[in-house]
Amino acid sequence: MKVGIIGLRGSGKTTIFNSLTGHMVHSEGLGGKKGCALGLTKVPDKRIDRLSSIFSPKKTVYAQIHFTDFPGSTKDEKGFSDETLRKLSDVDALALVLKGFSSGVTPAPVEDINTVLADMILSDIILAERSMQRLEKSRQDSGLLSIITKIHSHLSRDRCLALLPLDESEEHQIAGYTFVTRKPVLVVLNIGEDDAFVMPADKVEDVCKEQGWRFLQICGSMEEEIAQLKPEDQAAFLKDLGVDEPARDRFIQASYGLLDLVSFFTVGDDEVRSWPIRRGTNAVKAAGKIHSDIERGFIRAEVIGYEDFIQCGDLQTARKKGMLRLEGKEYQVRDGDIITFRFNV
Ligand SMILES: Nc1nc2c(ncn2[C@@H]2O[C@H](COP(=O)(O)OP(=O)(O)O)[C@@H](O)[C@H]2O)c(=O)[nH]1
Ligand SMILES: [Mg+2]
């Protein structure tokens, strides 16, 4: 899964990117004007920590998210550049960073969120208009033209496309278009460490609610400092602050939630691993995430929920107690299921 970090220049995108990935991209460096910085981060999951301590496997694998730090736009640039759009076509979700800390200038997050929103909508309107002109001229695909026309009129009401219900066939027909407002968005209000300024966070949240966006508040510069500490010092620092997890973990988990992903786990002496799947995925498709052979030769899945497993303590006990359920191909995998697949190829 890939998340693109967008927002106006100076909102703290690179700072947050660094805190998420543990990278140290210089503030005016890569992310500043042109290129994009790329980073991989694991999705923290206390259940995997626990399973790993139970099995002491050779390898522990967490789910991962790719973050891309996009170059920021300034307020007077309109829409996204073609270059940026090309890169955005590749991301599954967006994290929109808003400047909420004061740096001599008072932050204006409400104005900023509306600026970026208008930019995103404008980008999609331009794309829709270009496509409508082309389709009208060629007179070939009237079905597609009517979908794009519907999209255009929806956008003209200042609404993100994620709010426009499309059926499967419509989705399929527009799959090749990069409409930025179709992507799920997490808005991140980047606040200062000790701000006297009263944040109009509720007004920002109102815009989010209107557009179906999620909202999170974070102090980017502090997160960046925490991320640079050694792991053992991080824990002590957080304890001092009286919190049990850094905001970066909430950020990563919220990004994960944007795509309605859930995790199932495989466990053993070799490996304890988290597998991200879309909510509603059935057992045979989940098996295919691990290996196509397991999907092809699927016989059954032995399943136990994470909480039940922890109560039993180990798989033998769970089996004796009859807590391991046998499930077939169509079983809908739930978040936290620990699964052993039986297969035959
Ligand atoms: N005081 C304060 N400064 C920040 C915070 N986040 C970022 N900055 C500063 O704001 C400037 C722009 O940040 P940067 O991450 O490069 O923004 P970008 O252009 O969106 O990538 C840098 O000088 C950062 O040190 C914050 O939470 N508090
Ligand atoms: Mg930057």
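All letters in the sequence shown, in the order written, are residues 778 to 1122 by the working numbering. Idealized CB from N, CA, C, for every residue including glycine. These numbers come from a predicted model, not from an experiment.
The alpha-carbon separation between L828 and R907 amounts to approximately 52 angstroms. Relative to ligand 2, even the nearest heavy atom lies 7 angstroms or more away from the CB of T1058. Setting aside the 5 residues that flank it on each side, V1061 is surrounded in the same chain by E1072, F1075 and K1106, each with a C-beta closer than 7 angstroms to its C-beta; the list follows chain order. In the assembly as shown, T791 is a buried residue. Its beta-carbon has 16 or more other beta-carbons within 10 Å. In the three-state reduction of the DSSP assignment, N967 falls in the strand class, which pools E and B. In the structure shown, P886 falls within a helical segment according to DSSP collapsed to helix, strand and coil.
Remark: the C-beta of K1098 is outside contact range of ligand 2, defined as less than 7 angstroms to any heavy atom. In this structure, L873 sits near V964, with a CB-CB distance shorter than 8 angstroms. Counting only runs of 4 or more residues that sit fully inside the segment 1001 to 1029, the alpha helix (DSSP H) segments are 1008 to 1018, in chain order.
Distances from the alpha-carbon of I1003 to those of K986, G781, M778 and I793 put I793 closest. In the displayed model, T818 falls within a strand according to three-state DSSP. Between L871 and G781, the gap from beta carbon to beta carbon is short of 8 angstroms.
DSSP places F832 inside the alpha helix (DSSP H), whose first and last residues are K823 to F832. Relative to ligand 2, the nearest heavy atom lies less than 7 angstroms away from the CB of K790. If you check the C-beta of G849 against ligand 1, you find a heavy atom less than 7 angstroms away. Around I924, the same chain offers L943, E947, Q950 and I951 as residues with beta carbons nearer than 8 angstroms, after the five sequence neighbours per side are excluded. Boundaries of the alpha helix (DSSP H) around E947: E945 to Q950. For A1078, the enclosing beta strand (DSSP E) covers residues F1075 to G1082. In this chain, the beta strand (DSSP E) harbouring K876 covers A870 to G877. With a cutoff of 8 angstroms on beta-carbon distance, L1018 and L875 are scored as not near each other. Looking at the DSSP output, G781 sits in a beta bridge with T845 and L871. Where T1117 is concerned, the enclosing beta strand (DSSP E) starts and stops at D1114 to F1120. Assignment of K1106 by DSSP, reduced to helix, strand and coil, places it in the coil class. Looking at P1023, L941, Y954 and Q1030, the one whose alpha-carbon comes closest to that of G989 is L941. Taking one beta carbon from each stretch, the segment 1020 to 1032 and the segment 1046 to 1056 have fewer than 3 pairs nearer than 8 angstroms; the two do not touch.
Taken through DSSP and simplified to helix, strand or coil, R991 comes out as strand. When beta bridges are read from the DSSP output, N795 appears opposite no residue. With respect to the 8 angstroms criterion, D1037 and R1050 are not classified as neighbours on the basis of their beta carbons. Around F1042, the same chain offers R824, I825, L828, V1049, R1050, S1051, W1052, Y1083, G1113, D1114, I1115 and I1116 as residues with beta carbons nearer than 8 angstroms, after the five sequence neighbours per side are excluded. Counting the other Cβ atoms within 10 Å of the Cβ of T798 gives 16 or more, which makes it buried. Non-local C-beta neighbours of R1025 in its own chain, meaning closer than 7 angstroms and more than five positions away in sequence, comprise S796, L797, E1000 and A1004, ordered along the chain. Relative to the Cα of F1086, the nearest Cα in the group I831, S788 and T818 belongs to I831. For ligand 1, no non-hydrogen atom lies closer than 7 angstroms to the CB of C813. Q910 and G789 have their C-alpha atoms roughly 38 angstroms apart.
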